[in-house]
Amino acid sequence: MVAAAAREIRDGELVFVGMRLPMIAFALAKRTHAPRATGLFENGIIREEPASTLLYTMGDPPNLFKATYCGDMISVMSLLQQGRVHVGFLGAAEVDRFGNLNTTWGRRNGQTVRLPGSGGACDIACLAQRTVVILAHDPQRLVARVGHITSPGNGNGGLWRRAQGLPARSGPSAIITTMGVLRFAEDGEAYLASIHPGIRVEEVLGSTGWTLRVSDNLAETPEPSEVEFGVIREIDPNHFWTKT
Amino acid sequence: MTGAAPSKLVSMRQAVDEHVPSGSTVLMGAELEQMIPFSAGHEIVRQGRRDLTLVGPISDILFDQMIGAGCVSGLMAAWVGNASSGVGYCFRRAVEHAIPNALETLDYTNFTMAMALHAAALGVPFLPTYAALGSDLPKNNGNLREFTSPVNEDRLIAVCALHPDVAIVPVQRADAFGNSHLWGNLGVAIDGARAARKVVVVAEEIVSPEVIASDPNRTLIPGFLVAAVVHEPWGAHPSPVQGYYGRDHAFFAEYHEQSRKKEDFERWLESWVLKVPSRADYLKQLGDARIADLGVREHAFTAPADFGF
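Listed in order, the protein sequences are those of chains G and R.
Note that the working numbering gives residue 40 to position 40 of the first sequence, counting from 1, and the numbers run on in steps of one.
In the working numbering, each residue's number is its place in the second sequence (first place is 1) plus 244.
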């Protein structure tokens, strides 16, 4: 999942990194195919070099040490609104067939559960050129329709984003799960584009809360290379974030 | 020559007693995951404040603790939980079951929270943004209102200005008059201090005005905005202060487990807040070994900047 996420970063891009797995994906991309990518953090940090130790939050001292820039939140998040940020990473409790995200109201055992909320996720989903979602593949989490749109994807499809007034060059690009990579068709709906090694298509379909379309050119996600695997282990030696 | 200004140095007890009455709207956690004013929050709990409205983009576990302690009836935030461990259990109990009391929550995004404080800091009633268009947040937050741009046909969200009654802002160093140096990720601290009607600065160190004036670019809060200065070393623990101490990750993980059940949280609150009269006592309880472990291992001073002429 982390290796697949890292591959969404192209060299030279401005990346809204976020928390947890994306922090490792960014460091991995920097160390492999995207050495000139720049990391932006909503608390006001810009980094050319990933932090040298594992981060638990983006405000950890190693993330400030040798940063390129430390300033306020508006100075970094305004780059998103200007359209300069190429890709932003998000997690979610729920994502639906049109890439809408819910991190506000969850459902557990039939009960409504209050979750932490947007943080910067809604801002990134509205304003980044490409948004990449990372989450575990589970029918409770990949649902037909989210109960609450915390962060908009393609709404109910078609030209929905434009009708809402969202910037033309923005929107969901990929959903990376523990089973595969979903991408978005012209009509705004997600389809299975790539499947992780050892996973069967039926498993993916059975673990998705709607009838997931499958690409005619379904690919197999490349295994993490030894180099990628080594870097991940080096960044997160105790498996704090990369538990699976 | 100007007349000698009066010192604003007070104890945390005095600062809270005087500047944070029940019913206040209080900005905390303005610097996000670093420099969260835990010692101020704990004093607010000890003084039994009620009906506070807490404001902050991401406050890590401080808001959770104050909600669990029954101090809070309103919340304006982008994210409430435990940044390294997940959900905030006291927040969940309050929203889902009104335990210990009901909570009126206005959900923001980080950017719209920053814009709300920036609007207040600019002295204008609102600022426009494309963020939050298409999300469900404006449906439940009347301070995010869709409108059509007067200069083109764009749809935008008007983010209403937000004026906290008091902002509590940890800084690395301040002089006795409130002129403050802070560094690292600044979050919404600068706008927050200007947006608030009053500012309480919590400083790791008190320095002379000459130190402040030696590096005026680093003076991010001018003293005339500040009502009180509290000298409180380690006042942000378990959150970090760059150049002073690191983040106590284990403390966040322990709190996560110890707040899962209401009864456990009450024991936690008793042992880390209610029974601990001051920050000095808190540090004694934390213990020398843990404090030493969190200290700066290797200092990294900036290159000097020449203000000569």
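C-beta: ideal position from N, C-alpha, C; glycine also.
Everything numeric in this text was worked out from a predicted model, so none of it was measured.
Within chain G, partners of residue 335/R - CB distance below 9 Å: 114 and 116
Integer-rounded CB distance, given that residue 146/G should sit under 8 Å from residue 101/G: 7 Å
Where residue 60/G sits in the DSSP three-state scheme: Coil at residue 60/G, not helix or strand.
Contact with chain R by residue 42/G, beta-carbon distance below 8 Å: yes
Chain G contacts from the region 410-426 of chain R (Cβ-Cβ distance under 7 Å): Identification of residues in the region 410-426 of chain R having a C-beta nearer than 7 Å to some C-beta of chain G yields an empty set.
As assigned by DSSP and simplified to three states, the class of residue 129/G: coil
Beta-carbon contacts of residue 551/R that lie in its chain and below 8 Å, excluding the five residues immediately before and after: If we look at residue 551/R and ignore the five residues flanking it on each side, its Cβ neighbours are 458, 459 and 460.
Host beta strand (DSSP E) of residue 107/G (start-end): Following the DSSP letters along the chain, one finds residue 107/G inside the beta strand (DSSP E) bounded by residues 105-108.
Secondary structure, alpha helix (DSSP H): runs of 4+ residues fully inside the region 121-180 of chain G: 121-127 and 160-164
For residue 22/G, three-class secondary structure by DSSP: helix
Residues near residue 426/R in its chain [Cβ-Cβ closer than 6 Å; skip 5 each side]: 415, 416 and 464
Other residues of its chain near residue 29/G: CB distance less than 7 Å, five sequence neighbours each side excluded: 6, 9 and 37
When 11/G, 13/G and 25/G are compared against residue 229/G, the one with the closest alpha-carbon: Relative to residue 229/G, the option among 11/G, 13/G and 25/G whose CA is nearest is 25/G.
Residue 545/R at chain G interface by Cβ criterion, 8 Å: False, the Cβ-Cβ gap to chain G never drops below 8 Å.
Cβ contact check for the region 363-375 of chain R and the region 430-448 of chain R: 3 or more pairs under 8 Å: yes
Exposure of residue 353/R, with buried meaning 16 or more beta-carbon neighbours within 10 Å: Under this definition residue 353/R is a buried residue.
Beta carbon proximity, residue 484/R to chain G, threshold 8 Å: yes
Any chain R beta carbon closer than 8 Å to residue 96/G: no
Neighbouring residues, chain R, relative to residue 172/G (Cβ below 8 Å): Correct list: empty, because the minimum Cβ distance to chain R is about 12 Å.
Residue 599/R - DSSP class collapsed to helix/strand/coil: Any property of residue 599/R remains undetermined from this structure, which presents chain R solely from 245 to 553.
At least three beta-carbon pairs within less than 8 Å, the region 440-453 of chain R to the region 471-488 of chain R: yes
Which of helix, strand or coil DSSP assigns to residue 510/R: helix
Whether residue 308/R touches residue 282/R by CB criterion (8 Å): With respect to the 8 Å criterion, residue 308/R and residue 282/R are not classified as neighbours on the basis of their beta carbons.
Buried or exposed by the 16-neighbour rule on C-beta atoms within 10 Å, applied to residue 189/G: buried
Amino acids of chain G, ordered along the chain, whose beta-carbon sits closer than 7 Å to that of residue 302/R: 119
Contact with chain C by residue 183/G, beta-carbon distance below 8 Å: Within the model displayed, chain C is absent; protein chains G and R are what it includes.
CA nearest to the CA of residue 289/R, picked from 453/R, 305/R, 313/R and 275/R: 313/R
CB contact below 8 Å: residue 129/G versus chain R: no
Any chain R beta carbon closer than 8 Å to residue 187/G: no
Interfacial residues, the region 137-171 of chain G to chain R, with Cβ spacing under 7 Å: 148, 149, 150, 151, 152, 155, 161, 164, 165, 166 and 167
Contact with chain G by residue 277/R, beta-carbon distance below 8 Å: yes
C-beta neighbour in chain G for residue 346/R, strict 8 Å: no
is_contact[residue 65/G, chain R] using C-beta, thresh 8 Å: yes
Residue interval of the beta strand (DSSP E) (run including residue 191/G): 190-195
Residue from 180/G, 115/G and 153/G with nearest C-alpha to residue 138/G: When 180/G, 115/G and 153/G are compared, the shortest CA-CA separation from residue 138/G is found for 180/G.
Closer than 8 Å at the beta carbon, the chain G residues around residue 328/R: 56 and 57
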